[in-house]
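Per our numbering, residue 102 is the first one in the sequence shown, and the count goes up by one each step. Here's the structure, in structure tokens; my notes come after.
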Amino acid sequence: MDAFARATVNHTGHEPHHGTAAETVLSAGDFQQAMAEITAWEGYAPTPLVRLNDLAARLGLGAIYYKDEGPRFGLGSFKALGGAYAALRLLQREIHASTGTAPTLEDIRTGRYRRAAGDITLVSATDGNHGRSLAWGCQRFGARCRIYIHAGVSPDRAEAMRALGAEVIRINGDYDASVAMARAEAEKQGWFVVSDTSWPGYSAPPRDVMAGYGVIAQEIFGALDSAPDSAPSHVFLQGGVGGLAAGLAAAFRQHWGAASARVIVVEPDRAACLFESARAGRPSAVTIARESIMAGLSCGEPSALAWEVLAEEASDFLSIPDALVGPTMRLLANPPDSDPPIRAGESAVAGLAAVIAAQAQPRLARALGLGKDSRVLVIGSEGVTDPAIFSAIMEGQDHD
Ligand SMILES: Cc1ncc(COP(=O)(O)O)c(C=O)c1O
């Protein structure tokens, strides 16, 4: 536990000015449509909401709920919900535009427009998980797929996308450079970008991506609503571009209203663009000097659409060092008591790492309003998406 007590965790309190973003950026209808479609996909099953009772007791908390996205559609992460759904919606719009007929999502899913879909190329940048989701969606729905990855994306993650039929292009440069390259080539070639991040003038696919993430929230409501006094008081949401955090914060507000949990956003200190946006009061980019081991969170620019929601819904922003990742992953995989073991990936544990650090640092716990009655929800956003990295971390190899 020493690593958690010693860690430098930066905290910015942020007065959430509740407005309408949680209902307008993503409407109840957007969430319902995504839920109806995604739960009809072959292989759909809710992921487990695991109660870490012994860890909660040891930390002096009322409850810890860990939503384990590892098994999601066999793809290893929650991203399976976003990219594939946004791909389907984009195919729907483009096939409508090119044929003049208006296909339903089911029409495309079941292959009625397979020939038209085969003429469409979808592209994206990724640090792994979003690209895997998009490649999987393209394979299912019959479109072509090109994925741009930066120099730091691991070989195992690149191979997983190739295995799903995507053409994978590795560039020199970082994640933000790969986003720029995907946009430039798509524009030149008449391809379509399916990005999980939005920028001025580009919002439909990232909105669909976030609507897809709403499935996670619906499953959490299903698991918790029947038990009295089980709604979370705090939710720790890790941020890359902010899509996961914003999608869930909006869904929670729509469902729980004024009783919605305190939203705490957690990022690696090497890529804390949402933290800096909170400090600046507007979306702000940071330069990534060194990639974080939390690859899915290593993003320097927030999603404009996600920021609209987080500006109104998040109360706190934290940044954590990479040094907490290994100890948290090992604690989950080898619990010292009777909690079930969980195999989590590097980006999955950011929220839980911040919870443990806060309970080891009383000032931080106080600042976040954490105590013995707190019911904390964390999202285990990925399972083992890179087996080589997972094994090295299990053997004790750590990152500073
Ligand atoms: C495993 C994992 N967790 C969390 C995130 C963060 O999601 P977002 O970029 O929507 O903030 C990502 C993004 O790639 C991810 O792969």
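Glycine included, C-beta positions come from ideal geometry on N, C-alpha and C. For clarity, every value in this text was computed on a predicted model and none was experimentally measured.
Item	Value
Whole angstroms are fine: how far does the CA of Ile490 sit from the CA of Ala104?	20 Å
Please report the straight-line C-alpha distance between Lys180 and Val310, rounded to a whole angstrom.	8 Å
Consider the C-beta atom of Glu483 and the heavy atoms of ligand 1; say whether any pair is separated by less than 7 Å.	yes
Assuming contact is defined by CB atoms lying nearer than 8 Å, are Ala455 and Leu419 in contact in what I supplied?	yes
Does Ser199 come out as helix, strand or coil in the three-state DSSP assignment?	helix
Indicate, with yes or no, if ligand 1 has a heavy atom lying under 7 Å from the CB of His197.	no
Relative to the alpha-carbon of Leu406, which residue among Gly470, Gln240, Ala351 has its alpha-carbon at the smallest distance?	Ala351
Contact check, Gly452 vs Gln339 under 8 Å by CB: the rounded distance?	5 Å
May I ask you to list the residues that DSSP assigns as paired with Arg271?	Ile250
Where Gly236 and Ala396 are concerned, what is the direct C-alpha to C-alpha distance, given to the nearest angstrom?	Checking the sequence, you will find Ala at residue 236 rather than Gly. Going by the C-alpha atoms only, they are around 19 Å apart.
Using only the heavy atoms of ligand 1, determine whether one of them is closer than 7 Å to the beta carbon of Lys180.	yes
Tell me whether His231, by its Cβ, gets closer than 7 Å to a heavy atom of ligand 1.	yes
For Ala50 versus Arg247, is the C-beta spacing smaller than 8 Å?	Nothing can be reported for residue 50: it is not among the residues displayed for the chain, which extend from 102 to 501.
Ends of the beta strand (DSSP E) at Ala493?	Note, Ala493: premise wrong, no beta strand (DSSP E); alpha helix (DSSP H) at 488-495.
CB Pro403 to CB Gly323, shorter than 8 Å?	no
Residues in its own chain within less than 8 Å of Tyr186 by CB, not counting five upstream and five downstream?	Ala135, Glu138, Ile139, Gly238, Asp309, Val310, Ala312, Gly313
Using the Cβ count rule (16 or more neighbours within 10 Å means buried), how would you classify Thr298?	buried
Round the Cβ separation of Ala424 and Ala108 to the nearest angstrom and send it over; I've been treating them as touching at under 8 Å.	6 Å
Thinking C-alpha only, which one of Leu182, Glu392, Asp155, Leu471 is nearest Ser439?	Asp155
Determine the direct distance from the alpha carbon of His197 to that of Ala346, and round the result to whole angstroms.	32 Å
Could you give the distance in angstroms between the alpha-carbon of Ile508 and the alpha-carbon of Val336?	A query on residue 508 cannot be resolved here, the shown segment of the chain reaching from 102 to 501 and no further.
Short check: CB of Arg444 to CB of Gly484, under 8 Å?	yes
What is the DSSP secondary structure of Trp408, reduced to helix, strand or coil?	helix
Flag this pair as touching only if the region 248-261 and the region 214-230 have three or more C-beta atom pairs under 8 Å; answer yes or no.	yes
Do the region 470-479 and the region 163-179 make contact, defined as three or more Cβ pairs closer than 8 Å?	yes
Measure the C-alpha to C-alpha separation of Val364 and Ser416 and round it to an integer number of angstroms.	6 Å
In the DSSP assignment, find the unbroken alpha helix (DSSP H) run with Ile317 in it and report its ends.	305-325
Who are the Cβ neighbours of Arg233 in its own chain at under 6 Å, not counting the five residues just before and after it?	Leu176, Ala261, Met262
Let me know if Gln133 comes out buried or exposed under the rule of 16 or more other beta-carbons within 10 Å of its beta-carbon.	exposed
Measure the beta-carbon distance from Arg271 to Gly229 and round it to whole angstroms, keeping in mind my assumption that it falls under 8 Å.	Going by Cβ atoms, the distance from Arg271 to Gly229 rounds to 12 Å, so no, they are not a contact pair.
So is the beta-carbon of Ser448 under 7 Å away from any non-hydrogen atom of ligand 1?	yes
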